[in-house]
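In UniProt numbering, the protein residues as written are 1 to 342.
See the structure below:
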């Protein structure tokens, strides 16, 4: 699938429209935000079956490849949008919708989250294409895209999306933290070739009643730290309307907070709007497979989804990291493209 000028095809999975209510009790009986762009609902979207590679500046979804890593947010966004209208860096809304669909349908995919295999089913292995030296120990890392068993696909079938659990973290558009404040580009408007820069006016914060407001508005929802501290893993995360404990060190990026996604709670008296659950930013219940949530509540932090080869039980479709910058580049961060026929 492509829009012209491609070196290779991109193998995509069609995701038919579903409602938020169909995957989340209490949500609106309306198309999930992943299907809505500029208030227009779309009947489907195409999501990369495989973590992407880049050839001649364009993103491609291809099997049996070492996924592209060492890529910044802006580089990943450009590689997707260069493919043409409707092509975009897969968004947080899309990852969240797919994760909720998996949970509702009773199948949470496994994957390369334990050095080439799955932490809970270690007989399941992918084809390792990258090893590295970890303090004198040679470890297995990335596996070839789609090389695992069908249990590593989002629906447990050969037609499913591969490697949403582990292998490499995947950059996602349309969401961020700014000094701990949760900000999104509403609906799936990030599927357009829209400004997602640090200073973009497209970013909106979220009030406890679920409404979108200008960033910096009083009492917007934030990821706060339960504990004070600025060195290493400080403690747990809570949803709050203020940052009572910033984990910002005097310099550098050392302090962070962590807990499993399913154990995230809100500070007493803070209402959790359904939109946060629809966007995979707050748990539905206490059962999300033990997937992890990593946060730095200082600076600008762009989301990563899914986990990598060494996150063990913390990897999965609900795994979310908002603790790296847009310029971060490493051997464990990749991406994938999606397409909406705008």
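Glycine residues also receive a C-beta, built at the ideal position from the N, C-alpha and C atoms.
As the structure is a prediction and not an experimental result, all values here were calculated from the model.
Can you tell which of 269, 265 and 289 has the C-alpha that lies nearest to the C-alpha of residue 281? Nearest of 269, 265 and 289 to residue 281, Cα basis: 265.
From 70, 44, 218 and 227, residue whose alpha carbon lies closest to that of residue 332: 70
Nearest-angstrom Cα separation, counted from residue 174 out to residue 279: 10 Å
Taking 8 Å as the cut-off, decide whether the C-beta atoms of residue 144 and residue 166 are in contact. Contact flag unset, no.
Here's the rule: buried if 16 or more other CB atoms are within 10 angstroms of the residue's CB, otherwise exposed. What is residue 21? exposed
Cβ separation of residue 243 and residue 295, assumed to be a contact under 8 Å, to the nearest whole Å: Between residue 295 and residue 243 the Cβ distance is about 11 Å, and since that is not below 8 Å, they are no contact.
How far does the alpha helix (DSSP H) with residue 97 in it reach, from first residue to last? 92-104
Any contact of the stretch 9-23 with the stretch 110-122, i.e. 3+ C-beta pairs under 8 Å? no
Can you tell me whether DSSP reads residue 47 as helix, strand or coil? strand
Does the separation of the CB atoms of residue 234 and residue 255 fall below 8 Å? yes
Using the C-alpha atoms, what's the distance from residue 152 back to residue 81? 27 Å
By the three-class DSSP mapping on this structure, what secondary structure does residue 164 have? coil
Buried or exposed: which applies to residue 298, given that a residue is buried once 16 or more other Cβ atoms fall within 10 Å of its Cβ? By the neighbour-count rule (16 or more Cβ atoms within 10 Å), residue 298 is buried.
Leaving out the 5 sequence neighbours to the left and right, which residues in its chain are closer than 6 Å to residue 59 when beta-carbon positions are compared? Same-chain partners within the cutoff: 52, 79, 80 and 337.
Could you compute how far the alpha carbon of residue 203 sits from the alpha carbon of residue 185? 5 Å
Going by Cα to Cα distance, which pick from 252, 228, 162 and 28 is closest to residue 245? 228
Find out if the Cβ-Cβ distance for the pair residue 222, residue 160 is shorter than 8 Å. Between residue 222 and residue 160, the CB-CB gap reaches or exceeds 8 Å.
Does the stretch 187-201 come close enough to the stretch 82-91 to have 3 or more Cβ pairs within less than 8 Å? yes
Does the separation of the CB atoms of residue 31 and residue 41 fall below 8 Å? yes
Assigned secondary structure, residue 350 (DSSP; H/G/I helix, E/B strand, else coil): Only positions 1 to 342 of the chain appear in this structure, which leaves residue 350 out of reach.
Do residue 342 and residue 36 have their C-beta atoms closer together than 8 Å? no
Using a threshold of 8 Å, state whether the C-beta atoms of residue 172 and residue 95 are closer than that. yes
Per DSSP, residue 259 forms a beta bridge with which residues? 293
Tell me the rounded alpha-carbon separation between residue 140 and residue 115. 5 Å
With burial defined as no fewer than 16 other Cβ atoms inside 10 Å of the residue's Cβ, what is the status of residue 8: buried or exposed? exposed
What three-state label does DSSP hand residue 181 in the structure shown? strand
If we ignore side chains and look at the alpha-carbon of each, how far apart do residue 283 and residue 339 end up? Their backbone Cα atoms lie some 27 Å apart in a straight line.
Does DSSP classify residue 309 as helix, strand or coil? coil
DSSP state of residue 335, grouped into three classes? coil
When the Cα of residue 164 is compared with those of 210, 318 and 322, which residue comes out closest? Minimum Cα distance to residue 164 is reached at 318.
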